[in-house]
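In our numbering, the protein residues as written are 42 to 652. Notes to accompany the following structure.
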């Protein structure tokens, strides 16, 4: 055993063999928090026992938020140190899932699953924080506590921290309350204010977007900046040396607040901010007169100012002057990320920059892209409970059974050799559903079956119903969206079509590849990054996972689809290779988290933005 060198110690865990022999323990020193000792008795299988013990203690401390194996409570700072020592002591045999440098990471977001979600933003901010926590970082997620007049309380497990603070914005003091849940190693913090309680969705109701969304997310940004300073989660605050990951325009006021309000007063001088752009199309633009409501000094107006081009203005006296929250974050954030490398390049072009391309180009030295991951526990054909048959990359038989079950469920003819093409997604202009509409007669001429699942544009929904009545033997249009049906279609189809006009990252193509469905996608954004083009004449079975098409046209899409259909029918071994390569790709959140850590390291190397 290693000799204990300090006094005033407490055993927080002891592991014994069935024979009663003590083989390990963890010691927590109240006097020397940084000097936690791990000691192991020598048995015939000491190394295996040590590894098992380390894992048990680490898991217990992480999942129970500072509860030792003997049930004793550990202060969170000691809890973090304990985990660190366990991991470092066993570092020679680790698999690389832990980072060497640990940060206090604050996610600021309008949505995070399972509490709130309208799209991919919620998925990212519900999964990536957990990946960070698993890798050893201390992580907080700050988002609104939406009640929306619903009886379904998704925040039932969150407790009131009884921390009421006043925030200065919109010409008065705004009182907010913080709620908190510790789950999966992450501090989930919810900002409670009456503006999040009204009926409707996250951003609006049946009449459109809420007229006070700027106010609602200004409150969120101010509350997020205060949370690391005032909330003693686990007994200790996160403090000033934090890294803020701010997501889209809703959280974009955080970097300007750090630069204009906090750092000049000696607070957050060691903090950094990273802006993550999930969709540049939404920027938080409001009239210039609203600037005084944001809680920023007058001299910082230029960072937020954005002027509409002349051709957009509808009145001769319209100056086009506005405040653009996303622009303010682009100017003041220490680093800028998008959700794919392809999208990072596209937003610096006039076609993809949505009016901010010049500004983004001027900051391209801090601009990068990292593709999103997926939850490989939920989206896993080996264990998915939502599909009728499970299968794996080594045993694909269950996929053919899933196809048969899908055909039966939808009332299609059971034809194993007939290519089944699917589209799952929002029915709107961005997703390219109009391209599918125009091409459908020609697609169905190739003796295929086609299934669509989605909701959105009423015209497209009506077209789906009409097309099903016209092509009843070959087409099914499922209006609406359910998670079980999405899983069943993804598992049961052969070809997954995504003709998006632009796609910052995209998740459905990742789900499709994981389930052995070969994607045909528009060569844009994250689709370009994640779907590797296959050429039968040069690649054989060596590489390639699908068919990206370009330019964006019906003819180009049809050509890619026909190549996929021909390969499916005539080259079975090649098709199986495409399936297996897609299923073997690493789209885990841990892989994305490793790339984020590099950007975080760079952010702390540079001096913070000071204006």
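All C-beta atoms in this analysis are idealised placements derived from N, C-alpha and C, irrespective of residue type, glycine included.
Straight-line gap, residue i to residue j (C-alpha atoms, nearest Å)
i           : j           : result
residue 619 : residue 435 : 13 Å
residue 345 : residue 583 : 50 Å
residue 225 : residue 174 : 8 Å
residue 450 : residue 205 : 53 Å
residue 181 : residue 237 : 20 Å
residue 13  : residue 240 : The question about residue 13 has no answer, for the chain in this structure spans 42 to 652.
residue 275 : residue 227 : 11 Å
residue 392 : residue 385 : 13 Å
residue 518 : residue 143 : 48 Å
residue 166 : residue 160 : 11 Å
residue 494 : residue 554 : 18 Å
residue 244 : residue 146 : 26 Å
residue 340 : residue 370 : 16 Å
residue 639 : residue 516 : 46 Å
residue 256 : residue 366 : 12 Å
residue 202 : residue 231 : 10 Å
residue 303 : residue 310 : 8 Å
residue 643 : residue 324 : 26 Å
residue 603 : residue 487 : 8 Å
residue 546 : residue 557 : 19 Å
residue 408 : residue 280 : 27 Å
residue 472 : residue 252 : 27 Å
residue 442 : residue 425 : 14 Å
residue 268 : residue 394 : 33 Å
Nearest-angstrom beta carbon gap, residue j and residue i [assumed within contact, 8 Å]
i           : j           : result
residue 439 : residue 469 : The Cβ separation is near 33 Å, so there is no contact.
residue 561 : residue 605 : 5 Å
residue 540 : residue 598 : 5 Å
residue 347 : residue 326 : 7 Å
residue 415 : residue 401 : About 27 Å; that fails the 8 Å criterion.
residue 585 : residue 576 : 7 Å
residue 645 : residue 551 : That belief does not hold up - the Cβ atoms of residue 645 and residue 551 are roughly 30 Å apart, past 8 Å.
residue 525 : residue 489 : Rounded, the Cβ-Cβ distance is 24 Å, inconsistent with contact.
residue 278 : residue 270 : 6 Å
Buried versus exposed, by CB contacts within 10 Å (16 or more), residue i
i           : result
residue 356 : exposed
residue 141 : exposed
residue 406 : exposed
residue 454 : exposed
residue 149 : buried
residue 295 : buried
residue 197 : exposed
residue 248 : exposed
residue 500 : exposed
residue 630 : buried
residue 601 : buried
residue 320 : buried
residue 207 : exposed
residue 376 : buried
residue 70  : Its pLDDT being 29, under 50, residue 70 is placed unreliably by the model, and the measurement read from it follows with that caveat. Its Cβ being crowded by 16 or more others within 10 Å, residue 70 is buried.
residue 289 : buried
residue 35  : Residue numbering for the chain in the displayed model covers 42 to 652; residue 35 lies beyond these limits and cannot be assessed.
residue 360 : exposed
residue 358 : exposed
residue 420 : buried
residue 354 : exposed
residue 474 : buried
residue 168 : buried
Beta-carbon proximity of residue i to residue j, cut-off 8 Å
i           : j           : result
residue 567 : residue 544 : yes
residue 570 : residue 412 : yes
residue 312 : residue 261 : no
residue 463 : residue 534 : yes
residue 589 : residue 612 : no
residue 410 : residue 379 : yes
residue 220 : residue 186 : yes
residue 433 : residue 423 : yes
residue 176 : residue 480 : no
residue 164 : residue 548 : yes
residue 184 : residue 214 : no
residue 300 : residue 351 : no
residue 218 : residue 194 : no
residue 286 : residue 315 : yes
residue 322 : residue 364 : no
Only counting runs of 4 or more residues, tell me where the alpha helix (DSSP H) segments fall wholly within the stretch 265 to 309, in order along the chain.
295 to 298
What are the start and end residues of each continuous alpha helix (DSSP H) run of 4 or more residues lying completely inside the stretch 518 to 586, in chain order?
524 to 533, 549 to 555, 566 to 571
Ignoring anything shorter than 4 residues or poking outside the stretch 428 to 500, list the alpha helix (DSSP H) runs there in chain order.
438 to 451, 474 to 485
Which residue spans inside the stretch 372 to 418 form an unbroken beta strand (DSSP E) run of at least 3?
376 to 379, 408 to 410
3 or more residues per run - each beta strand (DSSP E) lying fully within the stretch 128 to 209:
145 to 149, 179 to 185
Taking only runs of the beta strand (DSSP E) that begin and end inside the stretch 206 to 252, which ones reach a length of at least 3 residues, in chain order?
213 to 224, 227 to 233
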